[in-house]
Structure formats: C-alpha cells, structure tokens
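Residue numbers (UniProt numbering), protein chains in the order written: chain A, 1 to 332; chain B, 1 to 359; chain C, 1 to 338. Heads up, the beta-carbon is just placed ideally off N, CA and C, and yes, glycines get one too. Data first, discussion second: the structure below is written as structure tokens.
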Amino acid sequence: MFAYIVRRLFAVIVMLLVVTLVTFGIFFAIPKLTGTDPASLYVGKQADPATIEGIRQKLGLGQPILEQFWHFVTGIFAGRDYTGGGTSDHCPAPCFGYSFRTEQAVWPVLTDRLPVTLSLAGGACVIWLLAGVSTGVVSALKRGTRIDRAAMVTALAGVSLPIYFTALLALAVFNNQLGWTKAEYTPFGEDPGAWFSGLVLPWITLAFLYAAMYARLTRATMLEVLGEDYIRTARAKGLTERVVIGKHAMRSTMTPVLTILGMDLGALVGGAILTETAFNLPGLGQAAVTAISNRDLPLILGVVLIAATAVVLANLVVDLLYAVIDPRVRLS
Amino acid sequence: MTTPVTGAAAPAATAYLDVRDLRVHFPTDDGLVKSVDGLSFQLAKGRTLGIVGESGSGKSVSSLGIMGLHTVGQYGRRKARISGEIHFDGKELLTADPEEVRRLRGREMAMIFQDPLSAMHPYFSVGHQIAEAYRIHHDADKKTARKRAVEMLDRVGIPQADRRVDDYPHQFSGGMRQRAMIAMALVNNPSLLIADEPTTALDVTVQAQILDLIRDLQKEYGSAVIIITHDLGVVAELADDILVMYAGRCIERGPAEQVFYHPQHPYTWGLLGSMPRIDRAQTERLIPVKGSPPSLINVPAGCAFNPRCPYADKPEGGLTRTRRPELAPVPGQENHHAACHLPPGERTRIWTEEIAPKL
Amino acid sequence: MNVPRQRTETLLKVDGLVKHFPIHKGLLRRQVGAVRAVDGLSFEVRAGETLGVVGESGCGKSTMGRLVTRLLEPTGGSVEFEGRDISHLSVGAMRPLRRDIQMIFQDPYSSLNPRHTVGTIVGAPFRLQGITPEGGVKREVQRLLELVGLNPEHYNRYPHEFSGGQRQRIGIARALALKPRLVVADEPVSALDVSIQAQVVNLLDDLQDELGLTYVIIAHDLSVIRHVSDRIAVMYLGKVVELADRQALYDKPMHPYTKALLSAVPVPDPKRRAKRERILLKGDVPSPISPPAGCRFHTRCWKATEVCRQQEPPLAALETGHRVACHHPENAPQDKAS
Chain A
1 MFAYIVRRLF AVIVMLLVVT LVTFGIFFAI PKLTGTDPAS LYVGKQADPA
51 TIEGIRQKLG LGQPILEQFW HFVTGIFAGR DYTGGGTSDH CPAPCFGYSF
101 RTEQAVWPVL TDRLPVTLSL AGGACVIWLL AGVSTGVVSA LKRGTRIDRA
151 AMVTALAGVS LPIYFTALLA LAVFNNQLGW TKAEYTPFGE DPGAWFSGLV
201 LPWITLAFLY AAMYARLTRA TMLEVLGEDY IRTARAKGLT ERVVIGKHAM
251 RSTMTPVLTI LGMDLGALVG GAILTETAFN LPGLGQAAVT AISNRDLPLI
301 LGVVLIAATA VVLANLVVDL LYAVIDPRVR LS
Chain B
1 MTTPVTGAAA PAATAYLDVR DLRVHFPTDD GLVKSVDGLS FQLAKGRTLG
51 IVGESGSGKS VSSLGIMGLH TVGQYGRRKA RISGEIHFDG KELLTADPEE
101 VRRLRGREMA MIFQDPLSAM HPYFSVGHQI AEAYRIHHDA DKKTARKRAV
151 EMLDRVGIPQ ADRRVDDYPH QFSGGMRQRA MIAMALVNNP SLLIADEPTT
201 ALDVTVQAQI LDLIRDLQKE YGSAVIIITH DLGVVAELAD DILVMYAGRC
251 IERGPAEQVF YHPQHPYTWG LLGSMPRIDR AQTERLIPVK GSPPSLINVP
301 AGCAFNPRCP YADKPEGGLT RTRRPELAPV PGQENHHAAC HLPPGERTRI
351 WTEEIAPKL
Chain C
1 MNVPRQRTET LLKVDGLVKH FPIHKGLLRR QVGAVRAVDG LSFEVRAGET
51 LGVVGESGCG KSTMGRLVTR LLEPTGGSVE FEGRDISHLS VGAMRPLRRD
101 IQMIFQDPYS SLNPRHTVGT IVGAPFRLQG ITPEGGVKRE VQRLLELVGL
151 NPEHYNRYPH EFSGGQRQRI GIARALALKP RLVVADEPVS ALDVSIQAQV
201 VNLLDDLQDE LGLTYVIIAH DLSVIRHVSD RIAVMYLGKV VELADRQALY
251 DKPMHPYTKA LLSAVPVPDP KRRAKRERIL LKGDVPSPIS PPAGCRFHTR
301 CWKATEVCRQ QEPPLAALET GHRVACHHPE NAPQDKAS
C-alpha cells in the first residue's frame, strides 16, 4: 500500500510537470510563432522599444523557452529575482510571475480567489450529493413508476439546460423579483450569514446540473447492484429491506459515485466558469476568463496549474478511497 | 385406470413443506414467461428432495418462490405473478404477512447459492456476513455473534476459523467460500435448507467434500433439504426423493431408487442417456435428447416435451400435442408419479427393453 | 473414437513445456515471482486419436491448450507439430499453421462476435487465410453448417438467435472450416445443459470419424473425458501426474490423485452411495505461485512419505503406455512398486 502511494505521488509530480510544460509551451511559444511579442503585451501597445526591451530583459522573455521554463519551475519552489532596467524585484517562494495586465504577483491573486471557488464547489457538492443520490435511489427502487419517470425527466432537464439559462432564471426570480438573496460574495470570515445568502443561488444552480447527473448515475448503478447475487443472499438471510438497501446495496452503489465525485470536484476547483461569471463571483473561473481575454499569460498559467493539481490530487484521493471501500483493491 | 393427482386432491397439509400448484409467471415485453406452472410436492423433516432439470426448467425459480424472494424487493411494476399454496410448518406463506415471512427467512428456511463468490458481498468480511445473519434473528451483541460465526466456520471445516473470520470472500478459495455460504445458511439452525446448484462451480474433489458436509449437517440438525441441480450424479449422492422438472412443471417424481432404476418419463430417460457414466462399461454413443429446451413464453401445447420426444406419436390421435398430461401414480410403485400419455405398461417395456440396455 | 487406432504417427509432440506468468510488485514493479501455470509437460498426440486432458481448476490445463495452439508463447520447452518446432514462431510464421491447428472454446456466448452473422463468423478463416474454397465461401459455409447439424439457411442470422448448444456448433463449424488436422477443445461442453452436452459430444465423435481429426480435449468432467478420449493425461499444479490409455486409467489408476478424482465423481446410482469408498482429499489445491517442493501432491496425499517431500517423482512408464509420476503408485506391477 505504501509503495503504491509513493508510486502514485511520483506520477502526480511527473504529470504536473508535463501539464506545466505543455501549458507553458502553448502560451509562450505560440505568441512567438505568430509574431506577437509577449513583452509588448506586458507594457502595452504604446510603449517605446526601449521600455519593451527592458521588460524583455527583466522577465527573461528573450531566453530560449526551456530556459524560461526552468526559471518558472524553480521560481515556484524557490522564488525568483527579476533584474533589469536598473531595478530588481524579488518574487517570494511560490512565484508564478507577475500579471501582464495588473502587474500584481500572480500567487496572491490565486490565493485570493481560491476560497471563493472552493466555497462555491463545496456547497454545491453537498447539495447535489444529497439531492442526486437520494433521487437516484428512490428512482431505482420505484423504477417504471410515475415517481421514477418524473424524477428522470427532471434529471434530463437538469443535464440539458445550460447553466447560464438556469442561473439567469434563478437570479431573475429570487434576486430581482423576490429579493430573497443577494448577488454578492462575502468571505465566510467576515459574515457567515452573508456568505451563505450570497452563495445559495449559485450553489443551487450549479448543484441542479450535477444533481441531475448524479441521480442518473445512482439510479443506473443501484439497479445494477439490486440485480447482484449478494443482494439476493442478503434478502435470503432475512435482513429487512432497510438494511438490504441502506447497507448492502448502498455500499456498492457509492463506489462509482465517489469516482465521479472526485473528478468533478477536481475539475470544479479549476473554476466553474459559467456559474462564477453569471453570478459575478470573484473566483478562479472568472479570473481565468479575464486573463484569457487580456492575454495575461502568467495568470492563465497559474489558474491552469491550480486546476491541474486539483484534478490530479482528486484522482489520487479517489483511488485511495477505493482501497478503503473495496477490500479487493486493498488486499491484493 | 389412474386418477390424476392435482393440488386439490393432495393430502392435507401434514408434510413439513407442502407446495401445491405453485405458479410463478413473469410479465416481460415479449410476453408472459411461465417459469413455474403448476408445481406440487411435499417434503418431510429429515428428508432430502432433489429437484433435477435443465436451465430454464423452473427449478431455481420455484425455490426462490418458497423463500418469498420473488415478492420482496420487487419495487417496479414488473412483479412476478405467483399463485398456489406453500404450507411451511403449517403456515401458508403466499398469503402471510411479508414481514412474517421475512422473519422465517434465514431462521427457519435458509438457502445456499450456486456461485459463492458473487453470492457474498465483496465489501464485507466473511465473519461479518455470517454474524449479520445471526444478529437479525437473535438478540445478540456483536461479540456473541462473532463467536458464533467462528464456531460455524469451524463446524463447516474452515481451518483456523478464528483467524479466517475477518477475511473477505475474495481471500477464500472456491471451496472455502461455499463452506462459508453453508455456515451462513446454517447459523440459525434452519429446519429447511435449500441448496441451489451448491457444487456446480466447484471442482470434483471439492464437490465431494461439500456434498459430504451437507449430508453430515443434515444428519446433525435433522432439517429438510432441497437440493437443486442439473447433475443426476449429485442428486443420487444426496436425495431420498427426486423431482424432475421440465418447462416449469414436474414431469416425474418419486423415491430416488425408483426414479433411477425404473424411470417412467421419456425426458428422464433422455437425461440418463445423455450423461456419460464412469460406473458403467464404456458405451459406444450417448443417447441425447434431440432439440433444445422450449421457450417458456410459448410452451408447446399438449405435453411440453412432445417436440423432443421420440415417442410423441405413440399415443393415438395426437394426444401428446393437444392435451397436457397430468402427474399420475405409477401402478405398483408407491409414491412414484409421472406425467406422460404413454400407457404405464408401454413405458416399462420401452425402458427395460430399449433404453436400459444401452446405458 | 472408441476403436483403438493402429496409426502411431506422432502429430503433436510436447517436451518440457513451461509457461510462467510473472508477478510484479513493489515500488519498482520488480518481478517477485511467477504463476507457474504449466511447469514441465511432456506428452505426444498421435494422429487420429483423442487425448483427454483432465484436472481441477488452476492445474494449467487451459494454459496448456493455449500453448500447443500457440495462442501463448511458452517460457520454456518445445511444441512440435508434424516434426516442426513451433514453440517460438512469430504470428506471421504461425499463420499458415493456423489452418492445421484449431481451437474450440468453452463459452459459446462470448467466443462469437455478436455483431457478425453466422456466415461471417464461420467464413472468417477463409478470409483470414485468403482462401477461396471450391464453389465459393458461402456454399462452403453452408456445407459446414450442415455438417455440424445446423440449418444452412441460418447463414444470415446472428449468434443471439441461437441456443447455447447451437452456438457451440457454430464454434465447431468455424474451427473445422479449414480442414484442420488438430483440434484443441477447451471445455467444449461444460457450459451446456446435460441433454445438449450429449449432442455435442456425439457430434465431435462423428466429425472425428468423418474427417480423420485429431483431438486434444480439455475438461474437468471425468465422465465426459472417459467417454471421448483414447488416452488421458491427468494434470495437477502444472504437471502431468499420470498418462495412460483410457481403460488402464479408469480401471487401474496408479496415481493417488487420479484415484481420488475418480472416487469423487458423483455417480447417478443411489444404491452405490452407501457402498462406495470415497477418498476425500484434504484442503485445497496449493497456489501455483509457490508449489510444494518434491511431489506437488504430497500436501494432500494420504500416502505421502519423506521421499515425497524431498524428491520430485519423474513421469515414468510403469507399464507399457502407462506413465505415472509417483513414488508410491497404486495398482503398480509388483516388481516396480516401491
């Protein structure tokens, strides 16, 4: 087991390096090929050639790509000094460079925005798990009945309606018409009540989509599990249906749900772009959108790296959870 | 002539298990599947009944019906349609409160399934699954139940039971898993044990061990046993009485020796002729049954076996294709019944002159 | 199949055949051991005969089948077909030989592609080998279907439209398409109902007589093996422990394991259950990852002595045509029994 974890962690590191290299390559090499100068992006179009040259020196944009990559990676772990044009700036340890647009260091921007995204993803996750899994179980147990069909039609709507539609609809009804909620993000530390009321609508909107997917997944898995021999055995032992379903069937049903949950959560940390944009939440997704439209290369790199790390780590956690749940994985 | 034995004419419910005219039908998109279509038999405590048939003959479906497993947990609209009567220890099960049947299940009647790997939950330890079966019917704490599980594992011959009790099913070999299944079924000393193909997934040496174990345990606990199998060798090892099923109905039943030495139904002859036997001199050829088992949606009219029966044209007037033969006593043989239009004398003649010499 | 054949030409010769499947473990995925599925098999199959191979699950009989048909490459030893060593031939070099060596599989449900018609399935060997039979593929396929007792008009049907027994016939027709010399059948009837088993056994029998086929039939069912085989090899943990003519093996088994196997077979005769002496083997088959030293059967054998724990008994001919690997054989000729 220990060897397995070490091997997996090693794979995670290699994976992240590859992701960084590819992203780095795309964002720094393509401007070069198309003739856009990253240095001029940084200082703006009107700057004189001397300033641009100074910036290029200072940011090391004239160096070969691999060398730039090396500086970038070491910067993340050891910090980095930018020297050139007579000034020297130190960028401390997790150094992701400076935003081309705002000239702020990227790392504090990311740490500022991460809690927003985590709040959104975490809260939505709780809602969709509760709603999705219970709907799926009820649907499976009542398969073919009206309840089942109603639930599955709703789930189909949830899967197919785009977020920006449901988000705007929710905003229009609950915010503008009824005034129940506030479309504004307040950090949890400042005012938990405001944090909650500001996030309730985004949570529900995002959870609607995911709950629908989870309901369908849970229903399908539960139906399959109910056909298993060991469920028949459980009944033959005289267990009550509550134990048969709640213990024996649920345990197996949750395995695939957990797998998907890990991946979904990982992906969401990268930013629920549509939800954050629709509700004007200052999260990572929104940062990514702004960064892309501004061609703010260091910020894009930062967001991509955070997202990739989240996905890879979530996968690792899922695999370890698998071992906890399934003795066949743990003991072989 | 003989009088047909129907459910109504059967004796009063004195037997420990008395199944009368059991029907289990499943509605499907293609039509009504008549898996069991009028099955009656009795079983006394301490006796073993072997139910023999091929896949789709309804042998497993009827045993699940006795356990009430067609009604529990069937949530959708496609419920099995069950009719008939099942008297178990004087109580009629089909009309009883499902909760009452549940409390009998696992305590008074228990079941062993064919594939012990898929029949045990992969995520729970063997001991946990046995203890669970004990605790649902007994007011026992976890420690007592665990002790009981170890005791049972030990009884069914698992070496170092106190250590293996915490193992998971996949850590057991096939034979040990089946022993653990038996331990789980017997943990509450049931008075009826149904074993559905208990040795089909096992190797021959392990099969012998398991059959011995079932026989010993039956002697020890004096329970009634139903053993369901397609293997005539297995029933010959264990069963006192034999019931042969074809297309959802019993076509022959009687004491084991009579069914093996004086079989009355052409299908039973076919089964006997189909299996190579190592206890006899080598035969040149096997005598198979032609064709394949019928669809249970469109069971052939008349005798369900008529399209495969070499003697279907012997009874006059196409009787085999129009009228379904009822189970009738075989003259001169106590408790031996067969459902065949051939006259009993003719059947005995065909068996002794044409079939038996070739086996 | 039951007439003793006079021909003694050796079609298949297996010598010291070994197949180990490596197990990797640990941080660096080093090989820590191997499943010794087949661990030194030697036997030959004569043209026109049926060799039955019997043993319990995990004894390596299926691996053996895949080795002699070269679906697997042996780790050691050799497989000779018609005097030619085919142990390490490449896929390309094996292709022409695929005409002569065919395999029938156990599961008639998963061994046929559900998306192909019966015509396509049975005709596939012709396409793969680039052969056009006389009268065209379709006519030949229909002839084959008829040969195995299927309706030639079912050429365009799909496997799911057939019953298990009929599917097994389709598998047989496919195996016979190129008129092979050797057919290896791995549990050809064990997935079928009793009444259907007999049909397929008889069919294999007829086809052998008609086409002069040589069979290696692998099965766990000792009754079926006795019925179909001329000679029988009994396998235990990757080794042949006894190899003899059918009659000799069933009447006078020499290896204790063979004796135990035979005694365990349930017999459809209720009177015999009281009389019979059954040898109950203790425990389970040991793991093929670390088989016992010496005689592999000694952990379960009631006759085992010190020599069994120390020395591996060779497969020696104690009587003409009766080879057994045991230090304390049963039914052995007096002078050789130890």
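So, are the CB atoms of residue i and residue j less than 8 angstroms apart?
i	j	result
Arg-179 of chain B	Val-156 of chain B	yes
Ile-101 of chain C	Asn-113 of chain C	no
Leu-12 of chain C	Leu-182 of chain C	yes
Ala-328 of chain B	Ile-251 of chain B	no
Leu-39 of chain B	Ser-62 of chain B	yes
Lys-45 of chain B	Gly-222 of chain B	yes
Ser-287 of chain C	Glu-277 of chain C	no
Gly-136 of chain A	Arg-216 of chain A	yes
Phe-41 of chain B	Ala-80 of chain B	no
Leu-202 of chain B	Met-152 of chain B	no
Arg-99 of chain C	Leu-178 of chain C	yes
His-255 of chain C	Val-234 of chain C	yes
Leu-243 of chain C	Leu-315 of chain C	yes
Leu-120 of chain A	Leu-199 of chain A	yes
Leu-150 of chain C	Arg-174 of chain C	no
Thr-117 of chain A	Val-269 of chain A	yes
Ile-218 of chain C	Asp-245 of chain C	no
Gly-270 of chain B	Val-289 of chain B	yes
Thr-181 of chain A	Phe-188 of chain A	no
Leu-49 of chain B	Ala-239 of chain B	yes
Trp-351 of chain B	His-230 of chain B	no
Thr-322 of chain B	Ala-301 of chain B	yes
Listing by chain order, which chain B residues have their CB less than 7 angstroms from the CB of residue i?
i	result
Ser-163 of chain C	Ser-292
Asp-245 of chain C	Going along chain B, no residue has its Cβ under 7 angstroms from Asp-245 of chain C, so there is no contact; the nearest lies around 12 angstroms.
Ser-139 of chain A	By Cβ distance, chain B contributes nothing, its closest Cβ being about 10 angstroms from Ser-139 of chain A, past 7 angstroms.
Based on the DSSP secondary-structure assignment, which residues constitute the bridge partners of residue i?
i	result
Ala-244 of chain C	C:Ile-232
His-90 of chain A	A:Asp-81
Ile-242 of chain B	B:Gly-50, B:Gly-254
Ala-175 of chain C	Per DSSP, none; premise fails for Ala-175 of chain C.
Gly-123 of chain C	Per DSSP, none; premise fails for Gly-123 of chain C.
Tyr-221 of chain B	Paired residues: none, contrary to the question.
Arg-30 of chain C	C:Lys-25
Phe-43 of chain C	C:Val-14
Gly-76 of chain C	C:Val-18
Looking at residue i and the ligand COA, is the gap between the Cβ and the nearest heavy atom below 7 angstroms?
i	result
Arg-115 of chain C	The model on display carries no ligand, and the ligand COA is accordingly not part of it.
Under 9 angstroms between beta-carbons, which chain A residues line up against residue i? List them in chain order, please.
i	result
Val-206 of chain B	Residues of chain A passing the Cβ test: none, with the nearest at roughly 19 angstroms.
Pro-122 of chain B	Tyr-230, Ser-252, Asp-326, Pro-327, Arg-328
Ile-226 of chain B	Chain A residues near Ile-226 of chain B: none, gap ~13 angstroms exceeds 9 angstroms.
What residues from chain C crowd round residue i, counting only those whose CB sits closer than 7 angstroms?
i	result
Asp-203 of chain B	Glu-56, Ser-57, His-220
Mind pulling the chain C residues with CB within less than 8 angstroms of residue i?
i	result
Val-61 of chain B	Chain C residues near Val-61 of chain B: none, gap ~16 angstroms exceeds 8 angstroms.
Name, please, each residue of chain A whose Cβ falls closer than 8 angstroms to the Cβ of residue i.
i	result
Ser-118 of chain B	Glu-228, Asp-229, Tyr-230
Can you pull out the residues from the stretch 165 to 196 of chain C whose beta carbon lies closer than 8 angstroms to at least one beta carbon of chain B?
Gly-165, Gln-166, Asp-193, Val-194, Ser-195, Ile-196
Taking the runs of the alpha helix (DSSP H) that are 4 residues or longer, which of them lie wholly in the stretch 171 to 196 of chain B?
174 to 186
Quick one: complete beta strand (DSSP E) runs, 3+ long, within the stretch 251 to 302 of chain C?
none
Short of 7 angstroms Cβ to Cβ, which residues in the stretch 232 to 257 of chain B face chain C?
Leu-232, Gly-233, Val-234, Ala-236, Glu-237, Ala-256, Glu-257
Taking only runs of the beta strand (DSSP E) that begin and end inside the stretch 245 to 301 of chain B, which ones reach a length of at least 3 residues, in chain order?
249 to 255
Any alpha helix (DSSP H) of 4 or more consecutive residues that is wholly inside the stretch 133 to 188 of chain A
146 to 160, 163 to 170
Quick one, which residues of the stretch 37 to 70 of chain C are near chain B if we go by CB-CB under 8 angstroms, in chain order?
Glu-56, Ser-57
Mind listing which residues of the stretch 90 to 103 of chain B have their C-beta closer than 7 angstroms to chain A's C-betas, in chain order?
Arg-102, Arg-103
Quick one, which residues of the stretch 269 to 300 of chain C are near chain B if we go by CB-CB under 7 angstroms, in chain order?
Asp-269, Pro-270, Lys-271, Arg-272, Arg-273, Arg-278, Leu-280, Leu-281, Asp-284
Members of the stretch 231 to 250 of chain A that neighbour chain B once the beta carbon cut-off is set at 9 angstroms:
Ile-231, Arg-232, Thr-233, Ala-234, Arg-235, Ala-236, Lys-237, Gly-238, Leu-239, Thr-240, Glu-241, Val-243, Val-244, Ile-245, Lys-247, His-248
Give, in chain order, every residue of the stretch 263 to 279 of chain B whose Cβ lies closer than 8 angstroms to some Cβ of chain C.
Gly-270, Leu-271, Leu-272, Gly-273, Ser-274, Met-275, Pro-276, Arg-277, Ile-278, Asp-279
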